[in-house]
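So for the sequence shown, the working numbering puts the first residue at 13; every next one is plus one. Below: one structure, written as structure tokens.
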Amino acid sequence: MASVTLEHVKKVYDNNYEESVHDFDLEIKDKEFIVLIGPSGCGKSTTLRMIAGLETVSDGIIKIGDRIVNDLEPKERDVAMVFQNYALYPNITVYDNLAYPLKMRKMGNNEIHKRVTRVADILGISAALGRIPKELSGGEKQRVAIGRVIVREPAVFLMDEPLCNLDVTLRNRMRIELMELHKRIDTTFIYVTHDQTEAMTLGDRIVVMNDGNIMQVGTPQEVFDTPHNLFTAGFLGYPKMNFLRANLINDEGSYTVSLQGIKIQLSDEQCLALIDNNVKTQEIILGIRPEHVTALFEEQENSIECLIRLNEMMGSELHLHLTAKNSENIIVRLPTIDLTKEQRAQLSYGNKVHITFHPNALHLFDPTTEKNLIYGNEEK
Ligand SMILES: Nc1ncnc2c1ncn2[C@@H]1O[C@H](COP(=O)(O)OP(=O)(O)OP(=O)(O)O)[C@@H](O)[C@H]1O
Ligand SMILES: [Mg+2]
Numbered sequence: 013m014a015s016v017t018l019e020h021v022k023k024v025y026d027n028n029y030e031e032s033v034h035d036f037d038l039e040i041k042d043k044e045f046i047v048l049i050g051p052s053g054c055g056k057s058t059t060l061r062m063i064a065g066l067e068t069v070s071d072g073i074i075k076i077g078d079r080i081v082n083d084l085e086p087k088e089r090d091v092a093m094v095f096q097n098y099a100l101y102p103n104i105t106v107y108d109n110l111a112y113p114l115k116m117r118k119m120g121n122n123e124i125h126k127r128v129t130r131v132a133d134i135l136g137i138s139a140a141l142g143r144i145p146k147e148l149s150g151g152e153k154q155r156v157a158i159g160r161v162i163v164r165e166p167a168v169f170l171m172d173e174p175l176c177n178l179d180v181t182l183r184n185r186m187r188i189e190l191m192e193l194h195k196r197i198d199t200t201f202i203y204v205t206h207d208q209t210e211a212m213t214l215g216d217r218i219v220v221m222n223d224g225n226i227m228q229v230g231t232p233q234e235v236f237d238t239p240h241n242l243f244t245a246g247f248l249g250y251p252k253m254n255f256l257r258a259n260l261i262n263d264e265g266s267y268t269v270s271l272q273g274i275k276i277q278l279s280d281e282q283c284l285a286l287i288d289n290n291v292k293t294q295e296i297i298l299g300i301r302p303e304h305v306t307a308l309f310e311e312q313e314n315s316i317e318c319l320i321r322l323n324e325m326m327g328s329e330l331h332l333h334l335t336a337k338n339s340e341n342i343i344v345r346l347p348t349i350d351l352t353k354e355q356r357a358q359l360s361y362g363n364k365v366h367i368t369f370h371p372n373a374l375h376l377f378d379p380t381t382e383k384n385l386i387y388g389n390e391e392k
């Protein structure tokens, strides 16, 4: 069994006063594909390297299966890691590159041959086995690097941004291959990236990190739909979620959001959750994703008038950059297919447009704690 458990794991590097990882507490299930995502410097690689045994753990416990591995050497842990900057041996063939880790373990030639050909088959590089690395494309090299890890048949795969050196097309292809690979070899994967698409598509669950802390853990859909805090809300999604100053008004258990002269009645479900969390009338930061803002071509009751600052044409959609009367900026994402020619012309710089929000698409955050007032009290 290859579950991986981190209990209150901390990391302080000797030459660094600041803690790089604060209190990492997570149980990764056997065969799960877990993605660690977060901005540069948030502690993703450090966490992965501690699991691999390449960095010491300053405090807390790491278990692989039922074994505490804190004091075990990397090679005793039954894990294998693909690095950001992988290196192949340049002067030997792909076959020998794949066979090398097995020879080091003094495995018999027959078994080596069986494993190498199987892995080459899984990764679609059988035809390249006789070539040396400089005779391969970038994607093929990457597959050999991954192959070198797979041949060892470890209980846990650790991958630190393995696709970051590839161009977009290759990255997309390798991403799909990794999904298929996980299905085929059915092993625990812990994968580090700062790429949202990779995190959303690959992860059974994703762990959003910031500044050495776990901000939220959940399935990609959960984390996207119900961000528990301002950081997670702003980190996932492009363009970023809009954040607007607003007031939440509690009128005997019926809640409305008031902003820029309009009022939005919240749904029964939202009101019940707010009552449950004992939320009173207060200032809030209102979060709304650009794709959830409705643009109107005429004023309506409860719509906000905005000035168009910029219209970014992205092909199948438009990104409208708006400024409201209180000078707050709002971005709206509109599918172009729904727009007439006249409407498109109307959506140009300097013109006015009205916007409304659907209550179900609103996220309510406390400005001080930065927690979601509806979900923020739940566990990470
Ligand atoms: N060997 C080291 N010695 C001292 N501090 C380090 C060391 N390695 C990393 N750090 C610090 O620890 C923090 C976390 O670094 P880490 O490499 O884990 O971030 P990351 O999330 O992987 O970032 P990136 O996306 O840029 O790879 C950073 O502040 C970094 O400066
Ligand atoms: Mg890193």
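For glycine and all other residues, C-beta sits at the position ideal for the given N, C-alpha and C. Predicted, not measured: the structure shown is a model, and the values here were computed from it.
Residue i (DSSP reduced to helix, strand or coil)
{"i": "Cys283", "result": "helix"}
{"i": "Phe247", "result": "helix"}
{"i": "His20", "result": "strand"}
{"i": "Glu189", "result": "helix"}
{"i": "Val131", "result": "helix"}
{"i": "Ile162", "result": "helix"}
{"i": "Phe236", "result": "helix"}
{"i": "Ala140", "result": "helix"}
{"i": "Tyr267", "result": "strand"}
{"i": "Asn122", "result": "helix"}
{"i": "Glu39", "result": "strand"}
{"i": "Ala258", "result": "strand"}
{"i": "His331", "result": "strand"}
{"i": "Ala157", "result": "helix"}
{"i": "Val229", "result": "strand"}
{"i": "Pro379", "result": "coil"}
{"i": "Val180", "result": "helix"}
Cβ neighbours of residue i in the same chain (closer than 7 Å, five flanking residues each side left out)
{"i": "Lys22", "result": "Glu31, Val33, His34, Asp35, Ser70, Asp71, Gly72"}
{"i": "Lys146", "result": "Pro102"}
{"i": "Glu39", "result": "Ser15, Thr17"}
{"i": "Phe247", "result": "Val220"}
{"i": "Thr380", "result": "none"}
{"i": "Thr205", "result": "Val47, Ile49, Glu173, Ala211"}
Near ligand 4: residue i beta-carbon under 7 Å from a heavy atom
{"i": "Ser32", "result": "Ligand 4 is not part of this structure, which contains only ligand 1 and ligand 2."}
Residues of its chain near residue i, where Cβ-Cβ distance is below 8 Å and the 5 sequence neighbours each way are ignored
{"i": "Ser315", "result": "Ile274, Leu308, His366, Ile367, Thr368"}
{"i": "Lys364", "result": "Glu317, Cys318, Leu319, Ile320"}
{"i": "Pro251", "result": "Pro302, His331, Ile343, Arg345"}
Continuous alpha helix (DSSP H) stretch holding residue i: start and end
{"i": "Ile63", "result": "56–64"}
{"i": "Asn109", "result": "106–116"}
{"i": "Lys353", "result": "353–358"}
{"i": "Met212", "result": "208–214"}
Residues of its chain near residue i, where Cβ-Cβ distance is below 6 Å and the 5 sequence neighbours each way are ignored
{"i": "Arg321", "result": "His333, Thr335"}
Paired residues, beta bridge with residue i - DSSP
{"i": "Thr368", "result": "Thr306"}
{"i": "Gln294", "result": "Leu260"}
Beta strand (DSSP E) segment containing residue i, residue limits
{"i": "Glu317", "result": "316–325"}
Three or more C-beta pairs below 8 Å linking the segment 258–265 and the segment 329–349: As far as the Cβ criterion goes, the segment 258–265 does not touch the segment 329–349, which means the pair count is below three.
The segment 218–231 / the segment 191–201 touching (three or more Cβ pairs under 8 Å): By the Cβ criterion, the segment 218–231 is not in contact with the segment 191–201, since fewer than three pairs of Cβ atoms, one from each stretch, lie closer than 8 Å.
Given 8 Å, three or more beta-carbon pairs between the segment 123–142 and the segment 156–169: They touch, by the three-pair rule.
Three or more C-beta pairs below 8 Å linking the segment 289–303 and the segment 342–356: Yes, the segment 289–303 is in contact with the segment 342–356.
At least three beta-carbon pairs within less than 8 Å, the segment 185–192 to the segment 120–132: Not touching, per the Cβ criterion.
contact_flag[the segment 73–89, the segment 234–242] where n(CB pairs < 8 Å) is 3 or more: Segments in contact, no.
The segment 52–68 touching the segment 251–261, judged by at least three CB pairs closer than 8 Å: The segment 52–68 vs the segment 251–261: no contact.
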